[in-house]
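Read the structure below first, then the notes.
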Amino acid sequence: MIELRHIAKSFDGTTVLRDVNAVIRDGEIFAVIGPSGSGKSTLLRMINLLDSPTNGRILLDGTDIHGEHSQPLEVRRRMAMVFQRPAVFNMSVYENIAYGLRLRHLPEEEIREKVGWALEVIGLSGYGTRQARTLSGGEMQRVALARALVTAPAVLLMDEPTANLDPVSTAVIEELVVRINREQGQTVVISTHDMHQGQRLAHRIGVLMDGVFSQVGTPREVFATPKNKHVARFVGIEN
Ligand code: ADP
Ligand code: MG
């Protein structure tokens, strides 16, 4: 369980997040939706320890991950992040996916098994020996997702993973997220500026605007009963 408690974040005196509060439950797909510049990436980066809040606390199963008793390596081991721009290493698809497993010193046999499974899940069996840099953007993003999944993280963070992808690759990634969450019970935190993607994927949505979650609820709640006119406008319902 991830608890965001009164998160504030400023850069050089400019406040991006003012007071973000939410509880992200184990096993749910939680979508952070909000316009460009609302602080979605900043929030996910702080959950992944790539940045720290100016104020407030992020609790992972009750422990403040930025606190003095936090164990960053342990936190990182439990999470994986997929970024907006598909990021692959300059090596084969197989080695890209095996990367985190090699860091964990798993036996070769186990690595082969897990990479094989991941390649199948992302629909790229037979692509193992391809240089990852020669893939299309959508394929690269699938490889990035496989690399994240193969280490079986409890929490999968995805920062606008389909923002640069074509509709077909977007649909493939969306299907994968849903399938993985259903089959493996991973907690998924996905950010998007596309409220329809939030509606398609998420169990719950947090609408990030003006430095706070203006509303947290199921897609049905947010779309049917937006809390205020800003939320209504963002989800495309004028009132
Ligand atoms: P989103 O992902 O919702 O588009 P971001 O989290 O990337 O929003 O950015 C929110 C705001 O914070 C933007 O105005 C951005 O310019 C600013 N920002 C993000 N990171 C930094 C940084 N490292 N230094 C200064 N400003 C930043
Ligand atoms: Mg962003």
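The numbering of the sequence shown is full-length UniProt numbering, which starts it at 1 and goes up by one.
All C-beta atoms in this analysis are idealised placements derived from N, C-alpha and C, irrespective of residue type, glycine included.
- Secondary structure remark: continuous beta strand (DSSP E) runs of at least 3 residues inside the segment 33-111, in chain order: 55-60 and 79-82.
- DSSP, reduced to helix, strand and coil, places Lys-9 within a strand of the structure shown.
- DSSP places Met-209 outside any alpha helix (DSSP H); the residue lies instead in the beta strand (DSSP E), whose first and last residues are 204-209.
- The chain-ordered list of residues whose CB is nearer than 6 Å to some heavy atom of ligand 1 reads Phe-11, Val-16, Gly-34, Ser-36, Gly-37, Ser-38, Gly-39, Lys-40, Ser-41 and Thr-42.
- DSSP places Arg-25 in the coil class of the three-state scheme, outside both helix and strand.
- About 17 Å separates the Cβ atoms of Thr-187 and Ile-173, ruling out a contact at the 8 Å cut-off.
- For Pro-226, the number of other beta carbons within 10 angstroms of its own is at least 16, and it is reported as buried.
- As the crow flies, the alpha-carbon of Thr-63 is around 12 Å from that of Ile-47.
- Assignment of Ala-31 by DSSP, reduced to helix, strand and coil, places it in the strand class.
- A distance below 7 Å separates the beta carbons of Ile-205 and Gly-198.
- A Cβ-Cβ contact shorter than 7 Å links Val-16 with Gly-39.
- With a minimum length of 3 residues, the unbroken runs of beta strand (DSSP E) contained wholly in the segment 161-215 fall at 187-192 and 204-209.
- Just measuring C-alpha positions, the residue of Leu-149, Thr-42, Arg-220 and Val-216 sitting nearest Arg-77 is Leu-149.
- Rounded to whole angstroms, the separation of the alpha carbons of Val-115 and Leu-106 is 12 Å.
- Non-local C-beta neighbours of Ala-171 in its own chain, meaning closer than 6 Å and more than five positions away in sequence, are absent.
- One Cα belongs to Glu-109, the other to Arg-102, and the distance between them is close to 12 Å.
- Closest by C-alpha distance to Val-75, out of Ser-136, Arg-45, Asn-96 and Ile-111, is Arg-45.
- Distance from the CA atom of Lys-9 to the CA atom of Arg-18, rounded to whole angstroms, is 7 Å.
- When Ile-122, Tyr-127 and Tyr-94 are compared, the shortest CA-CA separation from Ile-111 is found for Tyr-94.
- Sequence-distant Cβ neighbours of Asp-159 in its own chain, meaning closer than 6 Å and more than five residues away, are Ser-41, Leu-44, Phe-83, Gln-84 and Ser-191.
- By DSSP's assignment, Met-158 forms a beta bridge with Val-82 and Ile-190.
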